[in-house]
Structure formats: structure tokens, C-alpha cells
Amino acid sequence: MAAGEQEADATGHEPRRRPRDGGGTGDVIGAGDARDAGDTHDAIDAAWLRRATPARLFVGRAGTSYRTASLLALRADHAAARDAVADALDLDRPDLAALDMVPATTTATSRTDYLRRPDLGRRLAPAARATIAERCPPGADFQVAVGDGLSATAVHRQVPMMLPGLLAGAAARGWRVGRPIAIHQCRVGVLNDLGELLDPRITVLLIGERPGLATAESLSAYLAYRPRPGHTDADRNLISNIHEAGIPAPRAVPRILDLAAALLAAGRGGVTVKESVTALE
278 MAAGEQEADA
288 TGHEPRRRPR
298 DGGGTGDVIG
308 AGDARDAGDT
318 HDAIDAAWLR
328 RATPARLFVG
338 RAGTSYRTAS
348 LLALRADHAA
358 ARDAVADALD
368 LDRPDLAALD
378 MVPATTTATS
388 RTDYLRRPDL
398 GRRLAPAARA
408 TIAERCPPGA
418 DFQVAVGDGL
428 SATAVHRQVP
438 MMLPGLLAGA
448 AARGWRVGRP
458 IAIHQCRVGV
468 LNDLGELLDP
478 RITVLLIGER
488 PGLATAESLS
498 AYLAYRPRPG
508 HTDADRNLIS
518 NIHEAGIPAP
528 RAVPRILDLA
538 AALLAAGRGG
548 VTVKESVTAL
558 E
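Counted the way the working numbering counts, the sequence shown spans residues 278 to 558.
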């Protein structure tokens, strides 16, 4: 065999040489490696798939790295996620201040404590319990609380579009509506303290979800029927992924109200009560 020639591989395909950084050729790439080498991957027309999901699929590459635009977008989304976790819930924003929520805190005294000690975010601080008991009437049919959770950004974005509709919709159904509460350094388990303190029939907690690289603005709505100490997620119901590219806020409001009505009709909450099929269509 002449110098510089290469024998065909077992598939009968002629191998290619891997370009070196400075040009020329280097290691031989067999036909079995071709699918990992580049051309077909970048040529796939997957625009329909990219429209269906925010996941990073078929983004292309430059050599073995992301393209510059993809890398910059990844870094920007990562920074937004980190900021969402670190940001504080700002109740002085005009759109949140207009909602007249009672401010409260948990026993987590700082964001660091909140992140390191999830248990501290599940209990109301003694001063917060006193404030809530003084300013919020007990025994409501429908009590809403708002918690920063892991994304104050989600609360800032979604709650002003949801809370007025939730309160008005609950009142239109003839339910006694409690005064909304805003809780700093909040975990889902705080529902149990609220239930013990105010004895509402239904408590809804709107809480910021853990941000990801797809969005930092996603909110969850946890619903609890007569929550009490010792209740777990198995005793709660959840509508999650509330954000513009998931379940838009205007669509989430009637779903939350309908699910609350289902819990009231069943006289219980948790895994045995499901959303209706029509709500999911």
C-alpha cells in the first residue's frame, strides 16, 4: 500500500482524517465515528422540535464546542437562574404593594440559612404568627399565601397577574376569602403552620419554583385542604410550571379555582383528588 493511503474499514467506507488545529490532517476517523464528528448533526432540520420545547436540542456546534451564540445564551440563562435564587422578595414593587398582602417571615433569618436549612423555611417566625393572627381573619374558605421559594423572580412576574383573579373568582363562587399573606424565606411546609393558625378550608400557596436553564420565572400553586402539622406533599395538590411558556397565568387561575372546588367537594386533598380531564386540555 502506498505511503499516505489508508485501508477501508470493515464497513467498506473510506476513513477520513481529523483536521489538526493548524490545518492538515491528523488522526483517522472511521465510518463508525462519523456521526459524532459533525456534519449530519448540524444539518438536521429540527425547527419543529425547537418550537415544541425550550430544551437545548440540535443547537449546533463549532468543532467540539457550542457555537458562540449558544454558549452566550447558556451563560445568560445560568446567571438568571442564580439571580432568581439570590433575589429578595420585594413587596414594595408597585404591582405587589397594590395587592395589600400581610408580610411575614419564617424562622430562616437569612437567605443563607434558608438554603442550608430547609426546615427553617417550613415554620413561621413567632412574630409572624402574631402578625397573621392579628391581621388575618380565621376560618376562611379560601386563603392565599405567596412565598418567595427559590425564585422571587417568579413571584414578581406571575403573582400580580394571578392574585386578583384568584380572590375575585373565589368570592364569585360564594367562598369566604382570607386576606393574602406574603412570606419571606418560604418553603412549602409552611402550609401546615398556616392551617394550624388560621384554620382555612383551602389554603393556596403560590411559590417560586427552583429556576432552571429554561426559565427563572416559573411558579407553583400548592393547594392544601385543612392543612395541619404532620401533613406532607401526599396531602397536597399541585399545579406547577406556571409561566409564559408553560401554563400562562391567566390559564392557571381557573385551574386553581376548579381544583380548590374539587377539594371542597371531596372533603379531602392530596393524591386521591385529581384535576378533571377538561382542565388539562
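Here a beta-carbon is modelled for each residue, glycine too, at the ideal position from N, C-alpha and C.
For the alpha helix (DSSP H) that contains arginine 513, what are its first and last residues?
-> Your numbering for residue 513 matches position 236 in the sequence shown. Segment 513 to 519 is the beta strand (DSSP E) holding arginine 513; no alpha helix (DSSP H) there.
If you draw a straight line from the C-alpha of alanine 511 to the C-alpha of arginine 545, how long is it?
-> Here residue 511 refers to the residue found at position 234 of the sequence shown. Here residue 545 refers to the residue found at position 268 of the sequence shown. Cα-Cα distance, rounded: 11 Å.
Hey, out of His520, Ala410, Gln420, whose CA is closest to proline 437's CA?
-> Taking the sequence shown and counting its residues from 1, the one referred to as residue 437 is at position 160. Considering only alpha carbons, the answer is His520.
Assuming glutamine 420 and isoleucine 479 form a contact by the criterion Cβ under 8 Å, report the distance between their Cβ atoms to the nearest whole angstrom.
-> As a working note, residue 420 is residue 143 in the sequence shown. As a working note, residue 479 is residue 202 in the sequence shown. Sure, about 7 Å apart at Cβ, within 8 Å.
Short check: CB of leucine 443 to CB of valine 481, under 9 Å?
-> Within the sequence shown, residue 443 is the residue found at index 166, counting from 1. Within the sequence shown, residue 481 is the residue found at index 204, counting from 1. Contact: yes.
Quick one: using the 10 Å Cβ neighbour count with 16 as the cut-off for buried, is serine 428 buried or exposed?
-> Here residue 428 refers to the residue found at position 151 when the sequence shown is read from its first residue. Buried, because 16 or more other Cβ atoms sit within 10 Å of the Cβ of serine 428.
Between the beta-carbon of isoleucine 484 and the beta-carbon of methionine 378, is there less than 9 Å?
-> As a working mapping, residue 484 is identified with position 207 in the sequence shown. As a working mapping, residue 378 is identified with position 101 in the sequence shown. For isoleucine 484 and methionine 378, no; Cβs fall outside 9 Å.
Three or more C-beta pairs below 8 Å linking the region 371 to 387 and the region 397 to 408 | yes
Looking at the C-beta of threonine 389, does it have a partner C-beta in chain E at a distance below 9 Å?
-> Absence of chain E from the displayed structure is noted, only one protein chain being present.
DSSP three-state assignment for histidine 461, whether helix, strand or coil = Counted from its first residue, the sequence shown places residue 461 at position 184. Three-state result, histidine 461: strand.
Sequence-distant residues of its chain with Cβ nearer than 7 Å to glutamate 486 (five each side left out) = Here residue 486 corresponds to residue number 209 of the sequence shown, with the count starting at 1. Here the set comprises Gly426, Leu427, Ser428, Ala431, Ser495, Leu496, Ser497, Ser517.
Name the residue from Arg450, Leu490, Ala422 whose alpha carbon lies nearest to the alpha carbon of glutamine 462.
-> In the sequence shown, residue 462 corresponds to position 185, counting from 1. Checking every option, the nearest Cα to that of glutamine 462 belongs to Ala422.
Determine the extent of the alpha helix (DSSP H) in which leucine 351 is found, giving its start and end residues.
-> Taking the sequence shown and counting its residues from 1, the one referred to as residue 351 is at position 74. Segment 345 to 363, the alpha helix (DSSP H) holding leucine 351.
Pair within 9 Å by beta-carbon distance, aspartate 470 and arginine 406 = Translated into positions along the sequence shown, residue 470 becomes position 193. Translated into positions along the sequence shown, residue 406 becomes position 129. Yes, these two residues count as a Cβ contact at 9 Å.
In the DSSP assignment, find the alpha helix (DSSP H) that holds glutamine 472 and state where it starts and stops.
-> As a working note, residue 472 is residue 195 in the sequence shown. In the sequence as displayed, the identity of residue 472 is glycine instead of glutamine. Per DSSP, glycine 472 belongs to the alpha helix (DSSP H) from 467 to 475.
Proline 380 (DSSP reduced to helix, strand or coil) = Residue numbering aside, residue 380 sits at position 103 when the sequence shown is read from its first letter. In this structure, proline 380 counts as strand in the three-state DSSP scheme.
Outcome for arginine 327 when other beta-carbon atoms lying within 10 angstroms are tallied against a minimum of 16 = Reading the sequence shown from its first residue, position 50 is the one you call residue 327. It is exposed - the Cβ of arginine 327 has fewer than 16 other Cβ atoms within 10 Å.
Please state if the CB of alanine 358 and the CB of alanine 493 are separated by a distance shorter than 9 Å.
-> Indexing the sequence shown from 1 puts residue 493 at position 216. Indexing the sequence shown from 1 puts residue 358 at position 81. Their beta carbons are under 9 Å apart, which means alanine 493 touches alanine 358 by this criterion.
Look at the alpha carbon of proline 506 and the alpha carbon of arginine 352, and state the distance between them as a whole number of angstroms.
-> To locate residue 506, count along the sequence shown from 1; it is residue 229. To locate residue 352, count along the sequence shown from 1; it is residue 75. Rounded to whole angstroms, proline 506 to arginine 352 spans 41 Å at the Cα level.
Backbone CA spacing between isoleucine 409 and phenylalanine 335 [nearest angstrom] | Residue mapping note: residue 409 aligns to position 132 of the sequence shown, counting from 1. Residue mapping note: residue 335 aligns to position 58 of the sequence shown, counting from 1. Looking at the two C-alpha atoms, the distance is approximately 51 Å.
Quick one: grab the DSSP three-state call for alanine 417.
-> In the sequence shown, counting from the first residue as 1, residue 417 sits at position 140. Coil at alanine 417, not helix or strand.
Nearest to asparagine 514 by CA position, among Pro414, Gly337, Leu536, is which residue?
-> Here residue 514 refers to the residue found at position 237 when the sequence shown is read from its first residue. Selected option, being the one with the closest Cα: Leu536.
Go ahead and label tryptophan 452 buried or exposed: buried means 16 or more other beta carbons lie within 10 angstroms of its beta carbon, across all protein chains shown.
-> Counting from one through the sequence shown, the residue named residue 452 turns up at place 175. So tryptophan 452 ends up on the buried side.
Span of the alpha helix (DSSP H), counted from its first residue to its last, around isoleucine 409 | Here residue 409 refers to the residue found at position 132 of the sequence shown. That run of the alpha helix (DSSP H) goes 403 to 412.
From histidine 355 to glycine 547, what does the alpha carbon distance come to, in whole angstroms?
-> Within the sequence shown, residue 355 is the residue found at index 78, counting from 1. Within the sequence shown, residue 547 is the residue found at index 270, counting from 1. If you take the alpha carbons of histidine 355 and glycine 547, they lie about 34 Å apart.
Leucine 496 by DSSP, collapsed to three states: which one?
-> Position 219 of the sequence shown, counted from the first residue, corresponds to residue 496. Note: leucine 496 maps to strand in three-state DSSP.
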